[in-house]
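Q: Okay, handing you the structure first.
Number of protein chains: 2
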Amino acid sequence: MSFSEHHRAALVEIMRWRRDVRHFRPDPLPEGALETLRQAMDLAPSVGNARPWRVIRVRDPELRAAVRAEFTRCNAEAAGVYDEEERQEYLRLKLAGLDAAPEQLAVFTETAPEAGRGLGRRTMPETLEQSTAMAIHALWLAARAANIGLGMVSILEPARIAALFDAPESWRFTAYLCLGLPEFEDDTPLLHRADWQRNLPTSWEDR
Amino acid sequence: MSFSEHHRAALVEIMRWRRDVRHFRPDPLPEGALETLRQAMDLAPSVGNARPWRVIRVRDPELRAAVRAEFTRCNAEAAGVYDEEERQEYLRLKLAGLDAAPEQLAVFTETAPEAGRGLGRRTMPETLEQSTAMAIHALWLAARAANIGLGMVSILEPARIAALFDAPESWRFTAYLCLGLPEFEDDTPLLHRADWQRNLPTSWEDR
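Chains as they are written, first to last, in numbering that gives the first Met the number 0: chain A, 0 to 206; chain B, 0 to 206.
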């Protein structure tokens, strides 16, 4: 397989237009969309081919409400660490789309998978969580290519989310993903547009 | 921006043909290729837009030799934990391309970045390392689209690699990347082909 400029241009456009979306329309996702996203995760790299990501599609309204309550609690605590001016700015940011997102996925990492037979993670067990992060990125790009918005929510306490989902002892909570059709299109990422943090270039040096 | 089937097909093809490459031709990368890879990292998501990835392009032959020695040491120790039959199988796997890869990148994560102003990582500081993992995945896809192979080496001791590069206290070693033109094309991922670990589907349940 040899890729051409056509593939490279498509990839860069998808990456350039990937967004962290927090404003969703409540409409359901197109038929088959979730299956496409699941397949994208299947194509992600993983240490030793261990594929440690574990996904729960959250449909139960009570579970959703419990996650939302956890977010609200953690977000209020997070706001408290900023000084008054920054706190007002923080509180203006919309950091979750938990109220409207029609699809919600709780993503965990199996920290003791049989698959992979331990390969490549003896000195760096964190490679399992790196693998899950890459699988989320694969899903994110596939979502964007399908014109579906994704917001990754990390203002949560991992242990409490694991307890909420009665996750096995060896699962570690990685991220909560909100998915849906975006309410509007951004030409500038949200945090850049909101003046929270502008885009800095990658730090890259030669030795 | 609205993406069409053309973009989705290109993305899936690139993801499907992404490989962990360990067999490189020694030829240098095409002119401008590294800059393309750096730009792909710039497009990765990051918590609070903190962009915590830090990249060192390793050219110094002494540094390369030191990394190679560290890999050899860790790999021998890793082989030791398997029983005899599995150990022979392990030792037949080629797990690094450090001898031939014309380009090598040491990737670190800044665990205390100013950028992002702490947003989104109070309860989950690991979101910084998730961000770096996603940036590596972005670079990996861009490399594949440019017909460049990438092997991610994690059989290394993070603290020793950080010391080797005299990294700041707040940097954590994330991965060592070998890049080059692949020696051959696989239609099956290496670990699957070598019967180490077949491809399992993503675990996905509804609640």
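Ideal placement from N, C-alpha and C gives every residue a C-beta, glycine not left out.
Note that the structure is a prediction, hence the values are computed from the model and not measured.
1. In the segment 42-57 of chain A, which residues sit with their C-beta less than 8 Å from some C-beta in chain B, listed in chain order?
2. Between B/P124 and A/M123, how many whole angstroms is the CB-CB distance? I'm expecting something under 8 Å.
3. When you compare the CB of B/A132 with every CB in chain A, is at least one pair closer than 7 Å?
4. Could you round the C-beta distance between A/M14 and B/L42 to whole angstroms and report it? I think they count as a contact, below 8 Å.
5. Check the Cβ of B/E184 against every Cβ in chain A and list those closer than 9 Å, keeping chain order.
6. Can you name the residues that DSSP bridges to B/A105?
7. List the whole-angstrom C-beta distance separating B/A166 from B/F107, where the pair is believed to meet the contact cut-off of C-beta under 8 Å.
8. Rounded to a whole number of angstroms, what is the C-alpha to C-alpha distance between A/P181 and B/G31?
9. Quick check on the burial criterion: 16 or more other C-beta atoms within 10 angstroms. Buried or exposed for B/M0?
10. Can you find a CB in chain A that lies within less than 7 Å of the CB of B/Q103?
11. Write down every uninterrupted run of the alpha helix (DSSP H) in the segment 17-88 of chain A whose length is 4 residues or greater and which is fully enclosed by it, in chain order.
12. Which chain A residues sit within Cβ distance under 8 Å of B/R120?
13. Three or more beta-carbon pairs under 8 Å between the segment 14-24 of chain B and the segment 110-117 of chain B, yes or no?
14. Along chain A, in chain order, which residues have C-beta atoms closer than 8 Å to that of B/D205?
15. So who's on the other strand from A/G150, going by DSSP bridges?
16. Can you say whether B/A64 is buried or exposed, counting buried as having 16 or more other CB atoms within 10 angstroms of its CB?
17. Please tell me whether B/H6 has its Cβ less than 7 Å away from any Cβ of chain A.
18. Please identify the residue among A/M133, A/H191 and A/R58 whose C-alpha is closest to the C-alpha of A/E102.
19. Let me know the secondary structure DSSP gives B/E4 once reduced to three states.
20. Is the CB of B/E156 under 7 Å away from at least one CB in chain A?
21. State yes or no: is the C-beta of A/D185 within less than 7 Å of the C-beta of A/R18?
22. Does any residue of chain B bring its CB to less than 7 Å from the CB of A/S202?
23. So what does A/E204 bridge to, in DSSP terms?
24. Assign B/W195 to one of three DSSP states: helix, strand, or coil.
25. In the DSSP assignment, what are the bridge partners of A/W170?
26. From the DSSP output, in three-state form, read off B/A161 for me.
27. In the DSSP assignment, find the unbroken alpha helix (DSSP H) run with B/T131 in it and report its ends.
28. Between A/Q129 and B/A9, is the Cβ-Cβ spacing less than 7 Å?
29. Taking just the CA atoms, how far does A/F23 sit from A/A99?
30. Check the Cβ of B/R15 against every Cβ in chain A and list those closer than 8 Å, keeping chain order.
31. Are the CB atoms of A/R21 and A/K93 nearer to each other than 7 Å?
32. Got a sec? Which residues, its chain only, sit under 6 Å from B/H27 by beta carbon, not counting five neighbours each side?
33. Give a yes or no on whether 7 Å exceeds the smallest Cβ distance from A/Q87 to chain B.
34. Do B/I154 and B/F70 count as a contact pair if the criterion is CB distance below 7 Å?
35. With a cut-off of 7 Å, does the C-beta of A/G146 fall near any C-beta of chain B?
A: For this structure:
1. L42, A43, P44, V46, G47, N48, A49, R50, W52, R53, V54, I55, R56 and V57
2. B/P124 to A/M123, Cβ: 17 Å. No contact.
3. yes
4. 4 Å
5. M0 and S1
6. B/I55 and B/Y175
7. 6 Å
8. 35 Å
9. exposed
10. no
11. 32-41 and 60-78
12. S153
13. no
14. I55, R56 and R58
15. A/C177
16. exposed
17. yes
18. A/R58
19. helix
20. yes
21. yes
22. yes
23. B/I55
24. coil
25. A/E109
26. helix
27. T126 to A144
28. no
29. 6 Å
30. L42
31. yes
32. Before going further, note that residue 27 of chain B is Pro rather than His in the sequence given. For B/P27, where only same-chain residues beyond five positions count, the Cβ hits under 6 Å are P101.
33. no
34. yes
35. Here residue 146 of chain A turns out to be Asn, not Gly, going by the sequence shown. Chain B contact via Cβ: present.
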